[in-house]
Amino acid sequence: AQSVTQLGSHVSVSEGALVLLRCNYSSSVPPYLFWYVQYPNQGLQLLLKYTTGATLVKGINGFEAEFKKSETSFHLTKPSAHMSDAAEYFCAVSSSGYSTLTFGKGTMLLVSP
Amino acid sequence: NAGVTQTPKFQVLKTGQSMTLQCAQDMNHEYMSWYRQDPGMGLRLIHYSVGAGITDQGEVPNGYNVSRSTTEDFPLRLLSAAPSQTSVYFCASSYSNLGKGQAFFGQGTRLTVV
Numbered sequence: 009a010q011s012v013t014q015l016g017s018h019v020s021v022s023e024g025a026l027v028l029l030r031c032n033y034s035s036s037v038p039p040y041l042f043w044y045v046q047y048p049n050q051g052l053q054l055l056l057k058y059t060t061g062a063t064l065v066k067g068i069n070g071f072e073a074e075f076k077k078s079e080t081s082f083h084l085t086k087p088s089a090h091m092s093d094a095a096e097y098f099c100a101v102s103s104s105g106y107s108t109l110t111f112g113k114g115t116m117l118l119v120s121p
Numbered sequence: 199n200a201g202v203t204q205t206p207k208f209q210v211l212k213t214g215q216s217m218t219l220q221c222a223q224d225m226n227h228e229y230m231s232w233y234r235q236d237p238g239m240g241l242r243l244i245h246y247s248v249g250a251g252i253t254d255q256g257e258v259p260n261g262y263n264v265s266r267s268t269t270e271d272f273p274l275r276l277l278s279a280a281p282s283q284t285s286v287y288f289c290a291s292s293y294s295n296l297g298k299g300q301a302f303f304g305q306g307t308r309l310t311v312v
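These protein sequence lines map, in sequence, to chains U and H. Numbering-wise, this note's numbering comes out as the position in the first sequence, counting from 1, plus 8. Numbering-wise, this note's numbering comes out as the position in the second sequence, counting from 1, plus 198.
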C-alpha cells in the first residue's frame with residue numbers, strides 16, 4: 009500500500025520569498041513521485057516527476073523537487089514566489105508498472121504582495 | 199487535439215437519480231482512471247482501466263460503475279445518487295505506466311446531489 013502526507017493544508021508566503029511545500033511518502037516498492045498544480049476551477053497540471061536517476065528534478069515555472077530516499081521525502085521548492093503561483097499543489101505517488109496515482113490531501117499556496 | 203474531455207461540467211441531481219459522467223480522450227491512451235476530489239481529501243481513485251474491456255476498482259468504488267468498450271471512452275455511472283457523492287470528478291488518461299509518460303486530466307465535472 010502507498011500513502012502520501014503533505015504537511016500543511018495552507019502555506020502563506022510573500023512575493024519573492026522561498027516556496028517550500030513538504031511531501032512524505034510511504035511505498036513498499038520503489039516509487040514514482042509527482043507534483044501537480046491545480047488552479048481554481050481547473051484540472052491538474054503536472055509540475056514535475058521523479059522516476060529514476062537524478063534525485064533533483066526540475067519542473068515547469070521554476071519549481072524543483074528532491075527525492076530523498078532515506079527521508080522518504082519529495083519536497084517542492086521555488087526560490088522566489090510569484091503571485092501567479094497561488095494555487096493548490098498535490099503530491100502523488102505511483103508504483104512502477106502502474107498507471108494510477110495515490111494523492112496527498114493537497115497544500116494551498118497563498119502568495120501575498 | 200482536445201486531450202481529455204469531460205461532460206457535463208456541472209450537474210445537479212436529486213437523491214436516487216442515476217446519471218453517467220462522460221470522459222473521452224483522443225490521444226490513443228490505454229490507461230484511463232476516475233478520481234473524486236473532496237475538500238481536504240485530495241483526489242481518490244474510484245475505478246480505472248488498463249485497456250478496452252478491462253476495468254478494476256480503486257479506493258472508493260461503491261456506488262459507481264464503469265465499463266470500457268472503446269479505447270477513447272470511459273464513462274462513470276452513478277446508479278442511485280446520494281448526497282455523499284457530491285464531489286468534483288476527474289478523469290485521467292495515460293499511455294502506459296507513469297514512469298514512461300504522464301497522466302493527463304480533464305477539467306472536471308462538479309456534481310451536486312440534493
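Even glycine gets a Cβ: it sits at the ideal position worked out from N, Cα and C.
Shown here, U/Met91 sits in a helix according to DSSP, grouped into three states.
By the Cβ neighbour-count rule, H/Gly297 is buried, with 16 or more other Cβ atoms within 10 Å of its own. For the region 42-63 of chain U, the set of residues with a beta-carbon nearer than 9 Å to any beta-carbon of chain H comprises Phe42, Tyr44, Gln46, Asn49, Gln50, Gly51, Leu52, Gln53, Leu54, Lys57, Thr59 and Thr60, in chain order. For H/Ala290, the enclosing beta strand (DSSP E) stretches over residues Ser285 to Ser292. Judged by pairs of C-beta atoms under 8 Å, the region 13-20 of chain U does not touch the region 87-95 of chain U, as fewer than three such pairs exist. Straight-line measurement puts the Cα of U/Gly114 at about 31 Å from the Cα of H/Thr269. Neighbours of U/Gly112 in chain H, taken as residues whose beta carbon is under 8 Å from its own, are Gly240 in chain order. Counted as a single uninterrupted DSSP element, the beta strand (DSSP E) harbouring U/Met116 occupies residues Thr115 to Ser120. With its beta carbon less than 8 Å from one in chain U, H/Leu296 belongs to the interface. Per DSSP, H/Met217 is one residue of the beta strand (DSSP E) stretching across Met217 to Gln223.
When C-alpha distances from H/Gln220 are compared across H/Gly261, H/Leu274, H/Pro259 and H/His245, the shortest belongs to H/Leu274. Shown here for U/Met116: same chain residues with a beta carbon closer than 6 Å to its own, the five before and five after excluded, namely His18 and Glu96 in chain order.
In the structure shown, the three-state DSSP call for H/Pro281 is helix. In this structure, the straight-line span from the alpha carbon of H/Ser216 to that of H/Leu277 is close to 5 Å. Taking the Cα positions, U/Tyr106 is about 18 Å away from H/Pro259.
Taking all protein chains in view, the Cβ of U/Pro39 is crowded by 16 or more other Cβ atoms within 10 Å, so the residue is classified as buried. Per DSSP, H/Met230 is one residue of the beta strand (DSSP E) stretching across Tyr229 to Asp236.
Setting aside the 5 residues that flank it on each side, H/Ser267 is surrounded in the same chain by Ala250, each with a C-beta closer than 7 Å to its C-beta; the list follows chain order. U/Tyr44 is positioned such that its CB atom lies closer than 8 Å to that of U/Leu54. Shown in chain order are the members of the region 243-254 of chain H whose Cβ falls below 8 Å from a Cβ of chain U: Leu243, Tyr246 and Val248. Sequence-distant partners of H/Thr203 (beyond 5 residues in either direction) whose C-beta falls short of 7 Å from its own C-beta, in its chain, are Ala222 and Gly304. A straight line joining the alpha-carbon of U/Glu72 with that of H/Val312 spans about 42 Å. Between U/Gly112 and U/Lys86, the CB-CB gap reaches or exceeds 8 Å.
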